[in-house]
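Remarks on the structure that follows.
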Amino acid sequence: MPRSCRFVLFLLALIHLLPVYSARADYYAEPADLVDRAAVVYRGFINDPNMTWFQNNVDRAKGIFIVPQMLRGGFIIGGSGGRGVLVGQDTNTARWSSPAFYSMGSVSLGFQIGADSSEIILLIMTDRGLNAMLSTDYKIGADVAVAAGPIGASAKAQSADILAFGRSQGIFGGVSIEGAAITPLNDWNRRYYGKPVQVFDILIKQKVNNAHADRLRQLLPKAKPNAQPIGR
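Residues -25 to -1, 1 to 207, numbered by mature numbering (1 follows the signal peptide of the UniProt record, and there is no 0), are exactly what the sequence shown covers, in order.
If you want it as structure tokens, here you go:
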């Protein structure tokens, strides 16, 4: 077989295998570990002086999706993947749900050398954005408006269904997540709650609870009186 053909086959194999690797990489041994780390990451965002807009508007969110470790790396082919927890807010009672577990991953082509790790928080600002996250397999930006979250004290309000914030090596910034795949981790939800449970029952109906998540939920904001929704 000519060398050029072997090289092409090698690249095709990498393209096929990388999404599987990203989706299966086990960054946390147990669901409880992921919840604990999510609480640490959220506290870091809420306490940072550069995140004034985030701090002033996170209470308006319909949901908060926290990915403590989004890994990206590779040569020629760049892939990304991570696991996260999503909590939903009942706007009638301002009560936050227990977490639902998801994977987040995407693949891009290009000449990228090296690897990095980022902390990601998505603020789900509208019912449409939250409903999209409830689907069994959702690609961000397919049916909803997504924007990079505003950073800094002078940042202006954004009109979007989902706002994306990120931190890498201690530096905060808006991130682009268009096309990233979000998939519920049904096995992790079952392990955490001790029985099969759907994300709708966790986030919207709030039928299940795990006291272990109280540490994270206590960090989350209470809705402000007469707060107006942002976006659509």
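Cβ atoms here follow ideal geometry from the backbone N, Cα and C, with glycine treated the same way. What you are looking at is a predicted structure, and each value in this text was computed from that prediction instead of being measured.
{"Item": "How would you call Asn184, buried or exposed, if buried means at least 16 neighbouring beta carbons within 10 angstroms?", "Value": "exposed"}
{"Item": "Looking only at DSSP bridge pairs, what is Trp71 linked to?", "Value": "Gln64"}
{"Item": "Starting from Arg192, trace the alpha helix (DSSP H) both ways and give me its first and last residue.", "Value": "Asp189 to Leu194"}
{"Item": "Could you check if Gly85 is buried or exposed, using at least 16 other CB atoms within 10 Å of its CB as the buried criterion?", "Value": "The predicted position of Gly85 is uncertain, since its pLDDT is 40 and thus under 50; no value can be drawn from it."}
{"Item": "Tell me, please, which residues DSSP counts as bridged to Gly80.", "Value": "Gly56 and Ala156"}
{"Item": "Under 8 Å between the Cβ atoms of Gly59 and Val42?", "Value": "yes"}
{"Item": "Using a 10 Å radius around the Cβ and a threshold of 16 neighbouring Cβ atoms, would you call Glu94 buried or exposed?", "Value": "buried"}
{"Item": "When the Cα atoms are used, what is the spatial distance from Pro196 to Ser72?", "Value": "12 Å"}
{"Item": "Would you kindly work out how many angstroms separate the C-alpha atoms of Val15 and Ser110, rounded to a whole number?", "Value": "27 Å"}
{"Item": "Which value, in whole angstroms, describes the spacing of the CA atoms of Pro125 and Thr158?", "Value": "26 Å"}
{"Item": "Would you grab the beta carbon distance between Leu138 and Met100 for me? Rounded to a whole angstrom, and I think it's under 8 Å.", "Value": "6 Å"}
{"Item": "Between Leu97, Asp162, Gln193 and Asn161, which has its C-alpha nearest Ala155's C-alpha?", "Value": "Leu97"}
{"Item": "Beta-carbon separation of residue 208 and Gly63 under 8 Å?", "Value": "The structure shown has nothing for residue 208, since the chain only spans -25 to 207."}
{"Item": "Taking the continuous alpha helix (DSSP H) assigned at Ile21, which residues delimit it?", "Value": "Pro6 to Asn22"}
{"Item": "Relative to the alpha-carbon of Lys180, which residue among Asp189, Arg70 and Ala117 has its alpha-carbon at the smallest distance?", "Value": "Arg70"}
{"Item": "Figure out for me which residue from Arg190, Ala186, Phe175 and Ala188 has the closest Cα to the Cα of Asp65.", "Value": "Phe175"}
{"Item": "Report, in whole angstroms, the separation of the C-beta atoms of Gly116 and Gly80, which I expect to be a contact under 8 Å.", "Value": "Not a contact, Cβ separation roughly 15 Å."}
{"Item": "Would a C-beta distance cut-off of 8 Å place Glu153 and Val121 closer than the cut-off?", "Value": "yes"}
{"Item": "For Arg142, collect the residues of the same chain with a Cβ closer than 6 Å to its Cβ; drop the 5 residues on either side in sequence, then sort them by chain order.", "Value": "Glu94"}
{"Item": "Could you spell out where the beta strand (DSSP E) holding Arg142 opens and where it closes?", "Value": "Ile137 to Ser143"}
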